[in-house]
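There are 2 protein chains.
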Amino acid sequence: MNISTRGRYGLMAMTELAMRYGQGPVPLKTIAESQGLSDSYLEQLFAALRKASLVRSVRGAQGGYELGKPPEAISVGDVLRVLEGPLAPAECAIEGKDDFTHCGNPDRCMARSVWVRLRESIEKVVDSINLASLCEEARNQSGQGLMYYI
Amino acid sequence: MNISTRGRYGLMAMTELAMRYGQGPVPLKTIAESQGLSDSYLEQLFAALRKASLVRSVRGAQGGYELGKPPEAISVGDVLRVLEGPLAPAECAIEGKDDFTHCGNPDRCMARSVWVRLRESIEKVVDSINLASLCEEARNQSGQGLMYYI
DNA sequence: TGGATAGCCGAGCGGATTGCTCGGAATTGC
DNA sequence: GCAATTCCGAGCAATCCGCTCGGCTATCCA
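If you read the protein sequences in the order shown, they are chains A and B. FYI, in the working numbering the residues of the first sequence are 159 to 308. FYI, in the working numbering the residues of the second sequence are 159 to 308.
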């Protein structure tokens with residue numbers, strides 16, 4: 159029951175991009191340093207994000223990545239689904255699939271309704287949070303952090 | 159973002175035990191055959207379930223396992239936590255842990271609030287479903303299945 | 001009393017997944 | 001043309017998953 163580093167690092171990087179939205183392309187190296195991640199690993203994740211057009215890339219010197227849409231238009235769910243695949247706790251709960259055979263039970267798996275309810279609840283959360291609101295949270299938190307100066 | 163076979167098989171087996179609650183101990187072999195699982199694998203899971211006293215064991219011939227409490231008193235969350243560990247999507251969201259260092263960010267991980275909200279929503283679901291209600295669902299479904307007889 | 005039926009326990013193991021790294025191309029700004 | 005970047009594919013060590021196996025112990029029943 160874990161989100162892998164793909165989803166976690168990817169979301170961190172996307173939030174970073176959201177913080178810098180409208181300031182031109184940001185190179186991966188900058189994101190990686192700022193968040194303490196490996197840039198060669200981030201490369202992989204951004205390949206997927208680009209194919210899903212959640213980010214746009216600018217090649218060459220002074221290039222980098224920027225969000226493909228405004229931060230309000232990108233949800234956490236969008237990012238996680240691209241990087242992690244379907245957000246279902248079990249095969250048989252993936253939306254659109256009516257695959258009962260996976261459960262080992264020839265007729266119906268008694269636990270399936272649990273996985274479906276779990277999936278719905280997970281999707282409700284991640285689809286209701288977008289990058290803009292994450293940014294706002296982050297800015298408020300670092301604002302509180304200012305108390306520790308002086 | 160997956161529940162492993164430990165959690166899934168374990169929940170299936172526990173639901174089976176709930177269906178037979180009050181009828182004396184059920185051997186693992188019976189559960190395994192009925193659910194189409196491997197009994198030597200189930201053994202491992204039941205070792206953990208027993209230590210958590212979610213099941214009680216009776217050794218020797220005519221022995222087996224039975225629920226440690228009535229089905230209404232055992233939630234899906236109880237079973238999953240024993241078999242899968244903490245139901246958090248990330249280390250930094252485990253209840254009681256205030257471990258920000260895992261996120262790679264020296265100060266605060268911007269994504270943490272997402273993982274915490276996810277965890278809360280997951281726990282709300284699994285803690286609100288108990289084995290008794292799962293049994294009832296199953297009985298209703300197999301009731302509909304009776305249409306296929308004759 | 002002895003055999004059959006169970007749980008109990010620990011070790012092991014092949015395959016898949018994770019979390020990277022590396023090298024080298026292609027593209028572009030200066 | 002050179003430096004900065006994205007792009008792409010391969011590879012790889014470590015870990016985890018999903019089991020299996022062998023042998024022990026406890027208990028019932030004939």
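Beta carbons: idealized from backbone N, C-alpha and C, even for Gly.
Exercise for the section: Quick one: list the residues of chain B neighbouring A/Glu242, beta-carbon separation under 8 Å, in chain order. Expected result: Taking the first sequence and counting its residues from 1, one reaches residue 242 of chain A at position 84. Per Cβ cutoff of 8 Å: Met159.
Practice task
Rank B/Leu212, B/Cys250 and B/Ile252 by C-alpha distance to the C-alpha of B/Asn288 and give the top, closest one.
Solution key: Taking the first residue of the second sequence as position 1, residue 288 of chain B is located at position 130. When each option's Cα is compared against that of B/Asn288, the closest is B/Leu212.
Practice task
Check whether the Cβ atoms of B/Leu195 and B/Tyr223 lie closer than 8 Å to each other.
Solution key: Mapped onto the second sequence, residue 195 of chain B falls at position 37. Mapped onto the second sequence, residue 223 of chain B falls at position 65. No, Cβ-Cβ distance for B/Leu195 and B/Tyr223 is not below 8 Å.
Exercise for the section: Check whether the Cβ atoms of A/Cys293 and A/Cys267 lie closer than 8 Å to each other. Expected result: As a position in the first sequence, residue 293 of chain A is number 135, starting the count at 1. As a position in the first sequence, residue 267 of chain A is number 109, starting the count at 1. No; because the gap between Cβ atoms is not below 8 Å, this pair is not in contact.
Exercise for the section: With distances taken Cα to Cα, identify the nearest neighbour of B/Pro228 among B/Arg214, B/Gln220, B/Val274 and B/Gln299. Expected result: Counting from one through the second sequence, the residue named residue 228 of chain B turns up at place 70. If we check each option's Cα against that of B/Pro228, B/Arg214 comes out closest.
Practice task
Indicate whether A/Ala176 and B/Ile161 have their beta-carbon atoms separated by less than 8 Å.
Solution key: Indexing the first sequence from 1 puts residue 176 of chain A at position 18. Indexing the second sequence from 1 puts residue 161 of chain B at position 3. No, they are not a contact pair.
Practice task
Determine the chain A residues that contact B/Ile287 at a beta-carbon separation under 7 Å, and present them in chain order.
Solution key: On the second sequence, residue 287 of chain B is found 129 positions in, with the first residue counted as 1. Residues of chain A passing the Cβ test: Val272.
Practice task
State yes or no: is the C-beta of A/Leu200 within less than 8 Å of the C-beta of A/Ala171?
Solution key: Start at 1 with the first residue of the first sequence, and residue 200 of chain A comes out as number 42. Start at 1 with the first residue of the first sequence, and residue 171 of chain A comes out as number 13. Yes, the Cβ-Cβ distance between A/Leu200 and A/Ala171 is below 8 Å.
Practice task
Would you list the one or two residues that DSSP bridges to A/Ser215?
Solution key: Start at 1 with the first residue of the first sequence, and residue 215 of chain A comes out as number 57. Paired residues: A/Tyr223.
Practice task
Give the C-beta separation of A/Glu242 and A/Arg164 to the nearest angstrom, bearing in mind that I take them to be a contact with Cβ-Cβ under 8 Å.
Solution key: In the first sequence, residue 242 of chain A corresponds to position 84, counting from 1. In the first sequence, residue 164 of chain A corresponds to position 6, counting from 1. Indeed, because the Cβ distance is near 6 Å, the residues count as touching under 8 Å.
Practice task
Select from A/Met159, A/Trp273, A/Gly221 and A/Ser286 the residue whose C-alpha is nearest the C-alpha of A/Ser233.
Solution key: Stepping through the first sequence from its first residue, residue 233 of chain A is reached at position 75. Ranking the options by Cα distance to A/Ser233, first place goes to A/Ser286.
Practice task
Could you pull out every residue in the same chain whose Cβ sits closer than 6 Å to the Cβ of B/Ala290, ignoring the five residues on either side in sequence?
Solution key: Taking the second sequence and counting its residues from 1, one reaches residue 290 of chain B at position 132. Cβ neighbours of B/Ala290 beyond the five flanking positions: Pro229 and Glu230.
Problem - Assigned secondary structure, B/Asn160 (DSSP; H/G/I helix, E/B strand, else coil) - result: The sequence position of residue 160 of chain B within the second sequence is 2, counting from 1. In this structure, B/Asn160 counts as coil in the three-state DSSP scheme.
Exercise for the section: Determine, using beta carbons only, whether B/Ala231 comes closer than 8 Å to chain A. Expected result: Mapped onto the second sequence, residue 231 of chain B falls at position 73. It does not: the Cβ of B/Ala231 has no partner Cβ on chain A nearer than 8 Å.
Exercise for the section: For A/Arg270, count neighbouring C-beta atoms within 10 Å of its own C-beta (all shown protein chains included) and say buried if the count is 16 or more, exposed if not. Expected result: Mapped onto the first sequence, residue 270 of chain A falls at position 112. Under this definition A/Arg270 is a buried residue.
Exercise for the section: Tell me whether A/Gln193 is buried or exposed, calling it buried when 16 or more other Cβ atoms sit within 10 Å of its Cβ. Expected result: Sequence index remark: in the first sequence, residue 193 of chain A carries index 35 (1-based). A/Gln193 comes out buried.
Exercise for the section: Ignore the nearest five residues each way along the sequence and tell me which others in A/Arg277's own chain have a CB closer than 6 Å to its CB. Expected result: Numbered from its first residue, the first sequence carries residue 277 of chain A at position 119. The residues are Ala246 and Ala251.
Problem - CB contact check: B/Ile308 to chain A, cutoff 8 Å - result: Locating residue 308 of chain B in the second sequence gives position 150, where the first residue counts as 1. Residue placement at B/Ile308 is poorly supported in this model, since its pLDDT is 25, which falls under 50; the coordinates still yield a value, given next. Not one chain A Cβ lies under 8 Å of B/Ile308.
Handout entry: C-beta neighbour in chain B for A/Pro228, strict 8 Å
Key = For the purposes of this step, residue 228 of chain A is identified with residue 70 of the first sequence, where counting begins at 1. Not closer than 8 Å to any Cβ of chain B, the Cβ of A/Pro228 fails to qualify, so no.
Handout entry: Three-state class that DSSP yields for B/Asp265 in the structure shown
Key = By 1-based counting over the second sequence, the position of residue 265 of chain B is 107. At B/Asp265 the pLDDT is 48, less than 50, meaning the model places this residue with poor confidence; the figure from the coordinates comes in the next sentence. Of the three classes helix, strand and coil, the one that applies to B/Asp265 here is coil, per DSSP.
Exercise for the section: Output, in sequence order along the chain, the residues in the segment 174-201 of chain B whose CB is closer than 7 Å to any CB in chain A. Expected result: Gln193, Gly194 and Leu195
Practice task
Would you kindly work out how many angstroms separate the C-alpha atoms of B/Glu244 and B/Leu203, rounded to a whole number?
Solution key: Working through the second sequence from its first residue, we reach residue 244 of chain B at position 86. Working through the second sequence from its first residue, we reach residue 203 of chain B at position 45. Correcting the residue identity first, residue 244 of chain B is Pro in this sequence and not Glu. Taking the straight line joining both Cα atoms gives about 16 Å.
Problem - Limits of the unbroken alpha helix (DSSP H) element including B/Gly235 - result: Position 77 of the second sequence, counted from the first residue, corresponds to residue 235 of chain B. Looking at the DSSP string, the run of the alpha helix (DSSP H) that includes B/Gly235 is Val234 to Glu242.
Problem - Within-8 Å CB hit, B/Ala296 to chain A - result: For this step, residue 296 of chain B is matched to residue 138 along the second sequence. Closer than 8 Å to some Cβ of chain A, the Cβ of B/Ala296 qualifies, so yes.
Problem - Option in B/Leu169, B/Ala210 and B/Val272 with minimal Cα separation from A/Thr173 - result: In the first sequence, residue 173 of chain A corresponds to position 15, counting from 1. Taking only the C-alpha atoms, the option nearest A/Thr173 is B/Val272.
Practice task
Output yes or no for whether 8 Å exceeds the beta carbon distance between B/Pro183 and B/Val216.
Solution key: Reading the second sequence from its first residue, position 25 is the one you call residue 183 of chain B. Reading the second sequence from its first residue, position 58 is the one you call residue 216 of chain B. In contact: B/Pro183 and B/Val216 (Cβ atoms closer than 8 Å).
Exercise for the section: Flag this pair as yes or no: are the beta carbons of B/Arg275 and A/Val240 separated by less than 8 Å? Expected result: Translated into positions along the second sequence, residue 275 of chain B becomes position 117. Translated into positions along the first sequence, residue 240 of chain A becomes position 82. Cβ distance not < 8 Å, so B/Arg275 and A/Val240 don't count as in contact.
Exercise for the section: Kindly identify the DSSP beta-bridge partner or partners of B/Val184. Expected result: Looking up residue 184 of chain B in the second sequence gives position 26. Beta-bridge pairing links B/Val184 to B/Tyr223.
Problem - Limits of the unbroken alpha helix (DSSP H) element including B/Arg270 - result: Working through the second sequence from its first residue, we reach residue 270 of chain B at position 112. Counting along the chain, the alpha helix (DSSP H) containing B/Arg270 begins and ends at Arg270 to Ser286.
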